[in-house]
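Sequence order for the protein chains is A and B. Okay, so the first sequence: first residue is 7 according to the working numbering, each after it adds one. Okay, so the second sequence: first residue is 7 according to the working numbering, each after it adds one. To start, the structure itself, in C-alpha cells.
2 protein chains.
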Amino acid sequence: MITTNLDRMDEKIKAFSKFGALEGGGITRLSLSEPALEARAEFRRRVLALGMTLESDDIGNIYATYPGTEEGLPRIVMGSHMDSVRNGGNYDGIYGVLSSLEVAETVITEGIKLRHPITVMVWTNEEGARFEPAMMSSGIVMNKWTKESMLAVAETGGTVTFGEALEASGWVGDEANRLNDRDYCAYFEPHIEQGPVLEEEGLDIGVVEGVVGMVNYDIILEGVSSHAGTTPQSYRKDALRAASKIILDLWDKLGAIAGDLVFTTGEITCRPNIHTVVPNYVKFSLDARHQDMDVIAKVVDVIKNLPDEVYGCRLSYEEHWGRNTIQFDGRLIGYVEGAVKDLGYSYRHMYSGAGHDAQYVSELLPAAMIFIPSKDGLSHTVVEYSSPEQTWHGANVLLNALIEADRNF
Amino acid sequence: MITTNLDRMDEKIKAFSKFGALEGGGITRLSLSEPALEARAEFRRRVLALGMTLESDDIGNIYATYPGTEEGLPRIVMGSHMDSVRNGGNYDGIYGVLSSLEVAETVITEGIKLRHPITVMVWTNEEGARFEPAMMSSGIVMNKWTKESMLAVAETGGTVTFGEALEASGWVGDEANRLNDRDYCAYFEPHIEQGPVLEEEGLDIGVVEGVVGMVNYDIILEGVSSHAGTTPQSYRKDALRAASKIILDLWDKLGAIAGDLVFTTGEITCRPNIHTVVPNYVKFSLDARHQDMDVIAKVVDVIKNLPDEVYGCRLSYEEHWGRNTIQFDGRLIGYVEGAVKDLGYSYRHMYSGAGHDAQYVSELLPAAMIFIPSKDGLSHTVVEYSSPEQTWHGANVLLNALIEADRNF
Numbered sequence: 007m008i009t010t011n012l013d014r015m016d017e018k019i020k021a022f023s024k025f026g027a028l029e030g031g032g033i034t035r036l037s038l039s040e041p042a043l044e045a046r047a048e049f050r051r052r053v054l055a056l057g058m059t060l061e062s063d064d065i066g067n068i069y070a071t072y073p074g075t076e077e078g079l080p081r082i083v084m085g086s087h088m089d090s091v092r093n094g095g096n097y098d099g100i101y102g103v104l105s106s107l108e109v110a111e112t113v114i115t116e117g118i119k120l121r122h123p124i125t126v127m128v129w130t131n132e133e134g135a136r137f138e139p140a141m142m143s144s145g146i147v148m149n150k151w152t153k154e155s156m157l158a159v160a161e162t163g164g165t166v167t168f169g170e171a172l173e174a175s176g177w178v179g180d181e182a183n184r185l186n187d188r189d190y191c192a193y194f195e196p197h198i199e200q201g202p203v204l205e206e207e208g209l210d211i212g213v214v215e216g217v218v219g220m221v222n223y224d225i226i227l228e229g230v231s232s233h234a235g236t237t238p239q240s241y242r243k244d245a246l247r248a249a250s251k252i253i254l255d256l257w258d259k260l261g262a263i264a265g266d267l268v269f270t271t272g273e274i275t276c277r278p279n280i281h282t283v284v285p286n287y288v289k290f291s292l293d294a295r296h297q298d299m300d301v302i303a304k305v306v307d308v309i310k311n312l313p314d315e316v317y318g319c320r321l322s323y324e325e326h327w328g329r330n331t332i333q334f335d336g337r338l339i340g341y342v343e344g345a346v347k348d349l350g351y352s353y354r355h356m357y358s359g360a361g362h363d364a365q366y367v368s369e370l371l372p373a374a375m376i377f378i379p380s381k382d383g384l385s386h387t388v389v390e391y392s393s394p395e396q397t398w399h400g401a402n403v404l405l406n407a408l409i410e411a412d413r414n415f
Numbered sequence: 007m008i009t010t011n012l013d014r015m016d017e018k019i020k021a022f023s024k025f026g027a028l029e030g031g032g033i034t035r036l037s038l039s040e041p042a043l044e045a046r047a048e049f050r051r052r053v054l055a056l057g058m059t060l061e062s063d064d065i066g067n068i069y070a071t072y073p074g075t076e077e078g079l080p081r082i083v084m085g086s087h088m089d090s091v092r093n094g095g096n097y098d099g100i101y102g103v104l105s106s107l108e109v110a111e112t113v114i115t116e117g118i119k120l121r122h123p124i125t126v127m128v129w130t131n132e133e134g135a136r137f138e139p140a141m142m143s144s145g146i147v148m149n150k151w152t153k154e155s156m157l158a159v160a161e162t163g164g165t166v167t168f169g170e171a172l173e174a175s176g177w178v179g180d181e182a183n184r185l186n187d188r189d190y191c192a193y194f195e196p197h198i199e200q201g202p203v204l205e206e207e208g209l210d211i212g213v214v215e216g217v218v219g220m221v222n223y224d225i226i227l228e229g230v231s232s233h234a235g236t237t238p239q240s241y242r243k244d245a246l247r248a249a250s251k252i253i254l255d256l257w258d259k260l261g262a263i264a265g266d267l268v269f270t271t272g273e274i275t276c277r278p279n280i281h282t283v284v285p286n287y288v289k290f291s292l293d294a295r296h297q298d299m300d301v302i303a304k305v306v307d308v309i310k311n312l313p314d315e316v317y318g319c320r321l322s323y324e325e326h327w328g329r330n331t332i333q334f335d336g337r338l339i340g341y342v343e344g345a346v347k348d349l350g351y352s353y354r355h356m357y358s359g360a361g362h363d364a365q366y367v368s369e370l371l372p373a374a375m376i377f378i379p380s381k382d383g384l385s386h387t388v389v390e391y392s393s394p395e396q397t398w399h400g401a402n403v404l405l406n407a408l409i410e411a412d413r414n415f
C-alpha cells in the first residue's frame, strides 16, 4: 500500500501550531484574526510551492488544486478548517487541512497519476467562536442562511463584523469559485474524533457514517422563593430540588431508550441563587443526539411526557433547535473502509456527534469523514492531542480512499 | 387588658413606608442612605415630640428614652432596625421599631406608670445589604468583630466605606451610650416571622424561644468536561448529574433526621456551563438550621458521610460557618406568653430561623422576640405584608410583656 510521509505529516502539525500559539501549549486562532491570516499565508506558500493553483470564493474559502490526467473530469476535494476556538488545540480542524495537504504532497511528489484533479480546501469560520454561528461559510454555500445576514454578524464581544474582517483579510474571491456539484464530485474530511471511543477501544480509525441528529431543549422549573431559615421543608417549592429530580429522571428514561444515545444537561441557571434563599427558578439545557431519528423522536416523547409539576414546581420546556441525522455517501464510506482494511489498521464504524462542514457538503456532493483518536477524548482545549502515528494513519487512509474514488468516479 | 392604638400603629407603618418607597410598592432603604436618614429624622421628630430624650452611640445606634418612676433603675429597651434590603418591604425591621414606638407612645400618652425607664432603640445596618455583614452594629457592641474593621468595609458595588457613611450621617454619638448591662436590664424585639408557619396555622403571635443554630457548607463535585455529541454516557463524569444525585440524597437523609429541620441548597455554580459540554465542576451551598444542636451535629454527620465519589465525580465539601442555637431569656419569654394569653390571642412557641440583633443582645441582657405573621411567609420582597390588626396585636403583646417585666425586674 502507498502511504504518506510520517515525518512530513508531523512537521506540518508542528509548523501550523505556531500560528496563534499560547504560552504553555494550544492556540487561539479565531477566524480571520491575525494568527488565522498567518496560517492562511503559510498554506498559500506551501500549495504554490507544490505547483497547485489557488482560488478563493466570495466568503474566503480556499481551494488549492492540482490537475488530473483526464480532461474535463470534476475535482475530488478534501479539507477542513484552520480556525480554532479560544484556548483551543492543534488538531481540531487544522488536522483535516494538513492531512489533505500531506496527501496532495504525496500525490504530487510521488508522481501518483490520478484521473481527477484534486483540491485541498479550507473553510472560513467553522468554529463560530468569533462570528456565530458555527459552520458559517459551508452554511452560506449550502443556503442555510444568506450571505448578507452573515456579513452583518458582529464578532462576539466586539464590534467588527464578519463582512469587515473578510474584506480586510484580502481573501475575498469570486462567488463562482464556491464549492459546487459541476466542478467537484466528492468530498473527504479527516478530523479528530473529539470523543473517547477510538482511544478507549484501542482503534486506529473511525469510519464515519454520518452526523447524528439532535434536539436541544430548555427545561424550566418554577417554584417559590422563601427564606432558608424560616420556611419548613413541607412548605417549600424548591426549583433546584425539582430540577435535580428531573435531571436524574432523564438519565433513567433517556438511558433506557438506546445505549448509544448521548444526552447532556450542560447549562443550568438558578434564581435568585443566594445560599439563604430557596430557588424559585431553575432552567437547564438538554442536548440529545443519535443517528436514528426514531430514537430522537423517543427523546422528544420523554420530554413531552415529563410531569407538569414536580415537588410543587411547575415544569415547562422550550425547544430550541434540532437537526436530522446526516448520512454520508455509501460509496465513499466503502472506499474509506477499504483503505483502512488494506492498510491493516483497526477501526470501527461510528457517527460523528459533533457538527462538521461535511454535513452541509453532503447535501451537495458525495461526502465522508475519517476520524483519528483524540487523547482522553478531548477537543476544544489546549491539551487536544493525537500522536504523529495517528495523524499519519488518517492521512494514509485518506490517500488510499482518494485513489479508490479517483478510480471509480 | 391595656392595648395600644390600632390606627396609630397603622399610621406609623404607612408614614415610614414613604422613606425609600419604590414605584409599585416596597422600599429600598439601605443603611445610612438618604432614605434611611430621612427615616431617622422622622423617628427623632416623633420621639422628641413625645418628650423622650435622644442619644446615639459611636456606631449610630439610636436610643430614645422615657424616664420611669423609680430613681436608679436600669432601662428596659425594645426595638429593631430601620434599614432594608434592596427591593425590600415595609415590615422587616421597621415593624420592630414602630411597634416599640407605639408602645412608648401608649405608655406616655396614657400616663402608664412604669418603674423603669423605657428605651426605643434603632440598630444601624442590620441587613448588611449595603455594608456586609448583617447585624453589623450589634456585632460590634457584642465584640463579634472590631469597630475598626467594620468602619473600613466598603459598600457592596461601590466605594463609600461604612465609616464614611456613618460620619456623613450626623448620627455618630458617644461610645459610652452603647447598649450595656449596667444601664439596661432587658431587651424585646418584635419582628415579622418571615416564614409561613403562623399564617398557615392561623395563629396571631409567635412566642420566640431563640434563634436556631446553623451550619453552612459548600459541596463540590468534580468530574471531566467532554463534548456533548461525542462522549458516550458510560464514559461520562458529569458533575451536574452527580450534584443532582447528592441534592436529592440530602433531602432524603436530612429530612429523616427531624421534621422541623430546615435545609436549603440555594446557590449552584456549574462549569463550564455550556449546553454542548458535559460539566466538570459543580458547587452548591447547603444551609441547615435547627434549635437542637444535636440535630445540627447529625446534619454534619450526614455531610461527612457523603460518598467520596458519585458517578465518577470526586466529592468534597467546605464548611463556611455556623452558629450555635441562641436561647432567649426564660423570664421574658414567660412575660410574652403571659401577655399573649391575657390578650386572648392564639400563639405558638417557635424558634427564629433567621438571624436578628436580639441574638447578639442575648449574650449581654435578658432578651426575647415577638413574631407576627408574614403574608405568604414572604420577607425581603416588596410584597412583604402583615395586616394592621396583626401589627397591632404584636404591639399589644409587647406593651403587656413590658409592663410585666417592669413589675418584676
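By construction, the Cβ of each residue, glycine as well, lies at the ideal position given by its N, Cα and C atoms. Source: prediction; values computed, not measured.
For the region 194 to 282 of chain B, list the beta strand (DSSP E) runs that are entirely contained and at least 3 residues long, ordered along the chain.
211 to 217, 219 to 228, 268 to 270 and 274 to 277
In chain B, what lies closer than 9 Å to A:ALA360 by C-beta?
As a first step, residue 360 of chain A must be located in the first sequence, where it is residue number 354. Correct list: HIS233, ALA234, GLY235, THR236 and THR282.
For A:LYS251, return the contacting residues in chain B, with the cut-off set at a CB-CB distance below 7 Å.
Numbered from 1 along the first sequence, position 245 holds the residue referred to as residue 251 of chain A. LEU254, listed in chain order.
With 16 as the cutoff for other CB atoms within 10 Å, does A:LYS251 come out buried or exposed?
For the purposes of this step, residue 251 of chain A is taken as the residue at position 245 of the first sequence. When all chains shown are included, A:LYS251 counts as buried.
Take the Cβ of A:ASN311 as the centre, count every other Cβ of all protein chains shown within 10 Å, and call the residue buried at 16 or more, exposed below.
Counting from one through the first sequence, the residue named residue 311 of chain A turns up at place 305. Exposed is the call here.
Can you find a CB in chain A that lies within less than 8 Å of the CB of B:ASN279?
Walking along the second sequence from the start, residue 279 of chain B turns up at place 273. Yes, because at least one Cβ of chain A sits closer than 8 Å to the Cβ of B:ASN279.
At a CB distance below 8 Å, what residues from the region 74 to 108 of chain B approach chain A? Give them in sequence order.
none
Environment of A:TRP327 [buried if 16+ CB atoms lie within 10 Å]:
As a first step, residue 327 of chain A must be located in the first sequence, where it is residue number 321. A:TRP327 is exposed by the Cβ-count criterion.
Find the residues of chain A that neighbour B:TRP151, judging by a C-beta separation of less than 7 Å, and give them in chain order.
Your numbering for residue 151 of chain B matches position 145 in the second sequence. None at all; the shortest Cβ gap to chain A is about 20 Å.
Does B:TYR287 have its Cβ less than 8 Å from a Cβ in chain A?
Your numbering for residue 287 of chain B matches position 281 in the second sequence. False, the Cβ-Cβ gap to chain A never drops below 8 Å.
Please classify A:GLY361: is it buried, with 16 or more other beta-carbons within 10 angstroms of its beta-carbon, or exposed?
If you number the first sequence from 1, residue 361 of chain A lands on position 355. It counts as buried.
Along the chain, where does the beta strand (DSSP E) that runs through A:SER62 open and close?
If you number the first sequence from 1, residue 62 of chain A lands on position 56. Taken as a continuous stretch (DSSP letters only), the beta strand (DSSP E) holding A:SER62 covers 59 to 62.
Beta-carbon separation of A:CYS66 and A:LEU172 under 8 Å?
The residue you call residue 66 of chain A lines up with position 60 of the first sequence. The residue you call residue 172 of chain A lines up with position 166 of the first sequence. A small fix is needed here, since residue 66 of chain A is Gly in this sequence, not Cys. It is a contact, given that the beta carbons lie within the stated cut-off.
For A:MET7, I'd like the list of residues in its chain whose CB is within less than 6 Å of its CB, leaving aside the five on either flank, ordered along the chain.
Numbered from its first residue, the first sequence carries residue 7 of chain A at position 1. Within the same chain, A:MET7 has close Cβ partners ASP348 and LEU349.
If we ignore side chains and look at the alpha-carbon of each, how far apart do A:LEU157 and B:TRP151 end up?
Numbered from its first residue, the first sequence carries residue 157 of chain A at position 151. Numbered from its first residue, the second sequence carries residue 151 of chain B at position 145. Approximately 59 Å, taken between the alpha carbons.
Do A:LEU408 and A:VAL109 have their C-beta atoms within less than 8 Å of each other?
For this step, residue 408 of chain A is matched to residue 402 along the first sequence. For this step, residue 109 of chain A is matched to residue 103 along the first sequence. Yes. Within cutoff.
Along chain A, which residues have their Cβ under 9 Å away from the Cβ of B:TYR241?
One-based indexing of the second sequence puts residue 241 of chain B at position 235. Going along chain A in sequence order, the residues near B:TYR241 (Cβ under 9 Å) are GLY201, PRO202, VAL203, GLU206 and GLY383.
Based on the DSSP secondary-structure assignment, which residues constitute the bridge partners of A:HIS355?
In the first sequence, counting from the first residue as 1, residue 355 of chain A sits at position 349. The partner list for A:HIS355 (beta bridge, DSSP) reads A:VAL213.
Along the beta strand (DSSP E) that carries B:LEU292, what are the first and last residues, could you check?
Position 286 of the second sequence, counted from the start, is the residue given in the question as residue 292 of chain B. Per DSSP, B:LEU292 belongs to the beta strand (DSSP E) from 287 to 296.
Measure from the C-beta of A:ASN222 to each C-beta in chain B and report whether the shortest distance is under 8 Å.
If you number the first sequence from 1, residue 222 of chain A lands on position 216. It does; some Cβ of chain B falls within 8 Å.
Can you give, in chain order, each stretch of the beta strand (DSSP E) that sits fully within the region 343 to 414 of chain B and has at least 3 residues?
353 to 358 and 373 to 378
For the beta strand (DSSP E) that B:GLY85 lies in, which residues bound it at each end?
Locating residue 85 of chain B in the second sequence gives position 79, counting from the first residue. Counting along the chain, the beta strand (DSSP E) containing B:GLY85 begins and ends at 81 to 87.
In the region 320 to 350 of chain A, which residues sit with their C-beta less than 8 Å from some C-beta in chain B, listed in chain order?
none
Tell me the residue span of the beta strand (DSSP E) that contains A:TYR323.
Numbered from 1 along the first sequence, position 317 holds the residue referred to as residue 323 of chain A. Run containing A:TYR323: 319 to 329, per the beta strand (DSSP E) assignment.
Using a C-beta cutoff of 8 Å, does B:SER291 count as contacting chain A?
Here residue 291 of chain B refers to the residue found at position 285 when the second sequence is read from its first residue. True, the Cβ-Cβ gap to chain A drops below 8 Å.
Which residues bound the alpha helix (DSSP H) around B:THR115?
Numbered from 1 along the second sequence, position 109 holds the residue referred to as residue 115 of chain B. 100 to 115 is the span of the alpha helix (DSSP H), which, as asked, contains B:THR115.
I want to see whether chain A comes within less than 8 Å of B:GLY272, judged by CB atoms only; does it?
If you number the second sequence from 1, residue 272 of chain B lands on position 266. True, the Cβ-Cβ gap to chain A drops below 8 Å.
What do you reckon, are the CB atoms on B:VAL126 and B:LEU107 nearer than 8 Å?
Indexing the second sequence from 1 puts residue 126 of chain B at position 120. Indexing the second sequence from 1 puts residue 107 of chain B at position 101. Yes, they are a contact pair.
Neighbourhood of B:SER358 by C-beta distance below 6 Å, restricted to the same chain and skipping five residues each side
Taking the second sequence and counting its residues from 1, the one referred to as residue 358 of chain B is at position 352. Only VAL214 and VAL217 meet the Cβ criterion.
Using a Cβ-Cβ cutoff of less than 7 Å, which residues in the same chain neighbour B:ALA264 once the five nearest sequence positions on both sides are dropped?
Taking the first residue of the second sequence as position 1, residue 264 of chain B is located at position 258. Excluding positions up to five away in sequence, the list reads HIS296 and VAL301.
Looking at B:HIS197 and B:GLU132, is the spacing between their C-beta atoms short of 8 Å?
Translated into the one-based positions of the second sequence, residue 132 of chain B becomes position 126. Translated into the one-based positions of the second sequence, residue 197 of chain B becomes position 191. Cβ distance not < 8 Å, so B:GLU132 and B:HIS197 don't count as in contact.
Name the chain A residues that come within less than 7 Å of B:TRP257, Cβ to Cβ?
One-based indexing of the second sequence puts residue 257 of chain B at position 251. Simply ARG247.
Comparing C-alpha positions only, which one of A:TYR72, A:ASN402 and A:CYS276 sits nearest to B:GLY272?
Here residue 272 of chain B refers to the residue found at position 266 of the second sequence. The shortest Cα separation from B:GLY272 among A:TYR72, A:ASN402 and A:CYS276 belongs to A:CYS276.
Pick out whichever of A:LEU79, A:ILE332, A:SER231 and A:ALA70 has its Cα sitting closest to the Cα of B:GLY201.
Walking along the second sequence from the start, residue 201 of chain B turns up at place 195. The candidate whose alpha carbon is nearest that of B:GLY201 is A:SER231.
Quick one: any contact between the region 182 to 199 of chain B and the region 370 to 378 of chain B, if contact means 3 or more CB pairs under 8 Å?
yes
In the DSSP assignment, what residue or residues form a beta bridge with A:MET127?
As a working mapping, residue 127 of chain A is identified with position 121 in the first sequence. DSSP, once it has assigned bridges, lists A:TYR69 and A:GLY85 as partnering A:MET127.
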